[in-house]
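Residue numbers (our numbering): -11 to 1093.
For glycine and all other residues, C-beta sits at the position ideal for the given N, C-alpha and C.
Inspection log for the structure reproduced underneath, given as C-alpha cells.
Written as C-alpha cells, this is what we have:
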C-alpha cells in the first residue's frame, strides 16, 4: 500500500482541496471538456498560475496550463466569476513569456475589513463534525436534541392549545399536527430541528416552516474555522477541572447562604406595598371620577405589581422593590405624555410623610420612594415640589449622561455651568451676521474655556440645532448650517480676551461672511479647537525666553508648527469639507499641545485635581526642557515655579504658596513648592470637612490644631537630605496630634472636597436608615412579562438561582453592574447566564421557554394597537411556556434536562465562555464574540449578528416630551419642535410625544432645562450604544446593554478575564488572588495608603526640637 506520507506535498494539497470543495459545493467533478478531470485541472492551474517566480521548480507555461480549462465554463453556485482585471491580464500577457512580477502589496486591511473578508470565505477548514443546522450552535433546547429525557415534551399540548397550527416537515413519516406533537415524532425518527426553517415576520418574531436547504452542511458561527484561528481546543486535566469546580462550588455555597433575602424582609416590603397601593388607588380614582367624570371607575383596577428581582426569584438582601402602576381603565394612561397621574401620586406620598421624588428624565416616569425619610431630606423634597408648582424646574439627575456634558469647571464655585447665562458683552461687538434668534454669548471673568464651550453647546441644543459629526454631516440642511454658523460666531465674539478675538478675526476660516466661491460651513467643535490652539500660539509667541524649550532643533520644530497652524487657519476653502478641515485642525492642535513650552505656558491645576497629580504633570514637563546653559537653567527654574504657582487653584491657596515662594531667601526646587502646596491644600480640605460636620465632635479640637500646624512656617531640614530641604516640622509638642491625624479618613476623598457627581445630588436617598425603598414605574407592562419569564426559568432547575445570585454578587463587588456609570445592569447579567445555560452548556440546563411557547401569529394578524392578553403586551408578542406549576413538577421529576453537572462546573464554563473567544475546553464550540455577536435568548442557538440586527454603530435619538397636562405652565410645543425628531441615519424609529413612553427603562442623555424648556416640555438626547449587545426577549429593538460605554465594556471584559485567570490558577492550587475581592474595599485601602504617604511627604522623617 502506498503510504500517504510518501505522496508528494503538492499532490496531497491538491487532493485535500478537491475533497473540501466536493464536500462544500455538493458535486463530484467540475464542468469540463470530455475526457478530463475538470475540478483537478482547475485547481492545479490555480496553483500553477498563482505561483511566484523563483519559488522553486522550473518555469511555468501559462498557455499550456490555461489550455486545460474549459473554454466556456458554466457558472456554478459558490464559485466567484473572474474579474475584469483577470481577463485583461490573460489576454494581454503573451504566450510563453515569463510570468509578470506580482503586484505591489496593498495596505493591510483594518480589523473591520478582515472580519468582513473572513465572514465571506466559502471554504471553511474545520475538521470537526457539524450538525446540519443553520444556527451557529446546535439548539440544545430544541425538540430534536438527543439530550432530552422521555416525557420532556409531555406538557406541550397544554402550552399550545391557543395556537394549534399545523407544521409541515420534509422528513418522511413525520406526523402532521400541532407544534406540540412534533417533538415526539422528531425524536422517534432521529430528526434534527435543523429541518425547520426559522424566519422572521415584520416584527422580528420567529416563524417556523420547512427549511429550504435540506442537507447542506452548516458550520459553527465562525465561518472560517481554524483557517485564521489555528488555536486548538484547550486541554485541561481532570484533576485541574475538579479543583476549579470545587473552588467555585465552595464560594457559591458560602455566598448564596448569606446573600439570600430573608422572609421577614419580604413580608416587610409586601406590607409597605399594600400601604402605598391604597394611596395610589385613592389618587387615581379621585382623578378619574372628579377630573374626568368617569363615575363608574373601579378603584380596585388600580394595582401596584411587583417586578424585578423580588418577583423573579433572584433577589438578594440588598435588592430594592420595583413596582409597576397598572390602571387599565384610566382615560389617559399613567405613562402617557402629559399625564397628571405621576405628579398627583408624588404629592399624595409627600402629604402622608413619605419621601417621594418623581424623575421625568428617565426613559419612563419613575417615582423614587422611601418609607422613613430624614427630616432634612423630607423638607428638601417638599421644596423641590414647590419649585415645580411655581414653574421653576431645576436639573435632576438623569441616568447615563454623556461625559462631555459634565466636564469639571475650574471655577464652579464662582460660576457653575448652569449659572453661565447668555449675557451681552460689556463692550461693543463687531457687526454680526448671525441669524435672528441666536443669542449673544459672553465668557465671564472666572469661567474656563471648557465651561464656555459647554454653554455654547447647550445654546445650540435649545435652538434645536446640532453640531457636525461623521454620522450627520451629509443630512444637515442649509438652515441647520446657518444656525450652527450663528452659534459659532456668537461663541468667538463672546470670548473674554480682546487680543485673542482680534487674532482669530484675521483668519479666513473664522470669517462668518458669505464667501463668493465656496460654502462657509463651520463646526462648533472645530471653532473651539481653533480658539484653543490660537490661544496657545499667542502665549508661546509672547514668551520672551522661548529658548528654555530646548535645543535649537526643538525650537525650530515648534516655530514650524506655529507657521503650519496659521496657514491652516487661513485656508479659503475650509467649508467644502468641514469634517476634513476639522480633523486637520484637531490633529495639528494635538501636536502643538505636546510641545513642552506649550504645556508649560498653559499649566493649570484643574479643580479637585490632587496636588500630587499636578506636581507629576509639572515634573514631566521639566524632564522635556533642556536649557543649553546654566544661566538659562536658572531662568527656566524661575519660570517653571512662576507658572506652577500661577496655575494653582483656588486663589486662597495660590496666595499662601506664593507667599512662601517670595519669602524663601535661597533657590528652591519645584518639589519644595509642591510640598508647601500640599500642606496648605490639606489644611483647606480639613477645614471644609469641619464646616460640614464630617468628623466626630471630640476630634474637632485636634483637627483645628493640626490645621494651624499645616499653615505654619516650614523649617529647613538639618539632615542634609536634598529631598526634604523644607518641611512642616514634627516636634515633641505636636507629635501626638500628628499621630492622631494618621488615623483619620483622607479629607480629600470626602464629598465636600470632591467634584460634583453628576449622578448624585442633595435629594438622593440614603442607602440605609430610611426603611423600605422602592421605585414606582409607570410603564412596567413589558417589565412584568420579562419578570414572569425569568421566574419560569428559575423554576426549570434548582441550580439556576444560585448561579444567577453568584454572578450578580460578583458583578456588584467588582463594580461592573452600574448602568448609569457605563456598565451593565443586573438584568443584563441574568440574561447572560440564561443564554449560557440554554445554548452553551451541553446538555442544556434550561430549555428555551420562548421556543416551547405558542408560535407567533401570521404577520397580517399582528396589530400594534392590539389589546393586551396572554400573548400580546403593548402590541408585542410575549408568548412563552408560562405554566409555572407544570414547569416545577417536571423539574422536580428531573424531566426538563439530563444535565447533572455541579454548580462549580457550570460557573467555570460561564466565565470561560465570556472570557475568551477561542475553543471551549469542556463544551463544543467557541467563546462569545463581543464584537460581532448579539445575545438573544429567544433565538434558537442564542446568537444573532450585530449586522443582522443593524446594531453596528452608536445612534443618538432626539425626542421631545411635553410637560404634564396639569402643570402650572403652558404645554404647547416650541415652534421648532419638528426639528426634535432628527436622528442619525439608520437609527431606530424616533419616539414622538405620543410614543415617548414606549422607550424602555434605561438611562438617557438629558440636556439641562431652562425656563423656556420647562414651559414647553423637555428635549432629550437618547444614546443607543451597541458595543455590547443583548436583545430584550420581547422588545426586540431594545438593547439591554445600550448603557455600556467604551470604558464600561473594557472594564467588564477585563473582569471576566481576571476571573478566568483566577479560576485556572485555582486548578493548580494557586489561591493568591481573591475572586470576589470587593473593589470598594480595595479602593479604600489605596486611599488610606495615599493619605499616609502625603503626611510623610509633608513632615519628612526628622524630629525637630
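As assigned by DSSP and simplified to three states, the class of residue 714: Residue 714 carries a strand assignment under DSSP once its states are collapsed to helix, strand and coil.
When you compare only the Cα positions, how much space is there between residue 1004 and residue 457? Because the pLDDT of residue 1004 is 47, which lies under 50, any placement of that residue in the model is unreliable, and the number read from its coordinates should be weighed accordingly. Looking at the two C-alpha atoms, the distance is approximately 28 Å.
Would you kindly report the start and end of the unbroken alpha helix (DSSP H) that includes residue 1052? 1034 to 1054 is the extent of the alpha helix (DSSP H) around residue 1052.
Under the three-state DSSP convention, the category residue 860 falls into: Look at residue 860 here: in three-state DSSP terms it is strand.
Does DSSP classify residue 1011 as helix, strand or coil? Strand, per DSSP.
Between which two residues does the alpha helix (DSSP H) holding residue 240 run? Residue 240 -> alpha helix (DSSP H) spans 226 to 247.
Euclidean distance between Cα positions of residue 651 and residue 576: Taking the straight line joining both Cα atoms gives about 42 Å.
Rounding to the nearest angstrom, what Cα-Cα distance links residue 439 and residue 329 in this structure? Distance between the alpha carbons of residue 439 and residue 329 is about 38 Å.
Reducing DSSP to helix, strand and coil, say where residue 596 ends up. It is coil, neither helix nor strand.
Out of 877, 880, 884, 864, point me to the one whose CA is closest to residue 833's CA. Among 877, 880, 884, 864, the Cα nearest to that of residue 833 belongs to 884.
Nearest to residue 434 (by Cα), restricted to the options 680, 814, 638, 713: Comparing Cα positions, the closest option is 638.
Hey, residue 579 and residue 549: beta-carbon distance below 8 Å or not? In this structure, the beta-carbon distance from residue 579 to residue 549 falls below 8 Å.
In three-state terms, what does DSSP make of residue 294? If DSSP states are grouped into helix, strand and coil, residue 294 belongs with the strands.
Give me, in chain order, the residues of the same chain whose beta-carbon lies closer than 8 Å to that of residue 735; leave out the 5 immediate sequence neighbours on both sides. Exclusion of the five residues before and after residue 735 leaves 670, 673, 674, 676, 677, 682, 741 as the residues of its chain whose Cβ lies within less than 8 Å of its Cβ.
I need the DSSP call for residue 150, collapsed to helix, strand or coil. Residue confidence is low: residue 150 scores 33 on pLDDT, short of 50, so the model does not pin down where it sits. No coordinate-derived value is stated.
Simplified DSSP state of residue 670, which is helix, strand or coil: The answer is helix: DSSP assigns residue 670 an H, G or I state.
For residue 358, which residues does DSSP report across the bridge? In the DSSP assignment, residue 358 forms a beta bridge with 343, 761.
Please confirm whether residue 905 has its beta-carbon closer than 8 Å to some beta-carbon of chain B. Among the protein chains of the structure shown there is no chain B, as only one such chain exists.
Out of 555, 619, 585, 586, point me to the one whose CA is closest to residue 573's CA. Out of 555, 619, 585, 586, 555 has the C-alpha closest to the C-alpha of residue 573.
Quick check on DSSP: helix, strand or coil for residue 1136? The requested residue 1136 is not part of the displayed model; the chain covers only -11 to 1093.
Identity of the residues DSSP links to residue 865 by a beta bridge: 860, per the DSSP bridge assignment.
How far does the alpha helix (DSSP H) with residue 828 in it extend, from its first residue to its last? Where residue 828 is concerned, there is no enclosing alpha helix (DSSP H), given that its DSSP letter is neither H nor E.
Which stretch, first to last residue, makes up the beta strand (DSSP E) that contains residue 932? Under the DSSP assignment, residue 932 falls in the beta strand (DSSP E) whose first and last residues are 931 to 933.
As a quick exercise: from 863, 796, 1047, pick the residue whose alpha carbon is nearest that of residue 897. Out of 863, 796, 1047, 1047 has the C-alpha closest to the C-alpha of residue 897.
Using the beta-carbon count (16 or more within 10 Å), is residue 242 buried or exposed? Classified as exposed, residue 242 has fewer than 16 neighbouring CB atoms from the shown chains inside 10 Å of its CB.
One or two residues paired with residue 309 in a DSSP bridge: In the DSSP output, where bridge partners are listed per residue, residue 309 has 762.
Residue 1087, buried or exposed, once every other Cβ within 10 Å from all chains shown has been counted against 16: Around the beta carbon of residue 1087, 16 or more other beta carbons lie within 10 angstroms, which makes this residue buried.
I need the boundaries of the beta strand (DSSP E) containing residue 921, first residue and last residue. Run containing residue 921: 921 to 923, per the beta strand (DSSP E) assignment.
Counting C-beta neighbours from all protein chains within 10 Å, is the total for residue 766 16 or more, i.e. buried, or is it exposed? Residue environment for residue 766: buried (at least 16 other C-beta atoms within 10 angstroms of its C-beta).
Candidates 1017, 888, 348, 308: which alpha carbon is nearest residue 936's? For the residues 1017, 888, 348, 308, the minimum Cα distance to residue 936 belongs to 1017.
Using C-beta distances below 8 Å, list every residue in its chain close to residue 1085, excluding the 5 sequence neighbours before and after it, in chain order. The residues are 663, 666.
Looking at the structure shown, is residue 260 part of a helix, part of a strand, or coil, going by DSSP? Residue 260: helix per DSSP, three-state reduction.
Who does residue 1091 pair with in a DSSP beta bridge? Residue 1091 is bridged to 718.
Rounded to whole angstroms, what is the Cα-Cα separation between residue 728 and residue 737? The alpha-carbon atoms of residue 728 and residue 737 are separated by roughly 18 Å.
Tell me, please, which residues DSSP counts as bridged to residue 914. Looking at the DSSP assignment, residue 914 forms a beta bridge with 907.
Residue 522 to residue 447, Cα distance in whole Å? In this structure, the alpha-carbon of residue 522 lies about 24 Å from that of residue 447.
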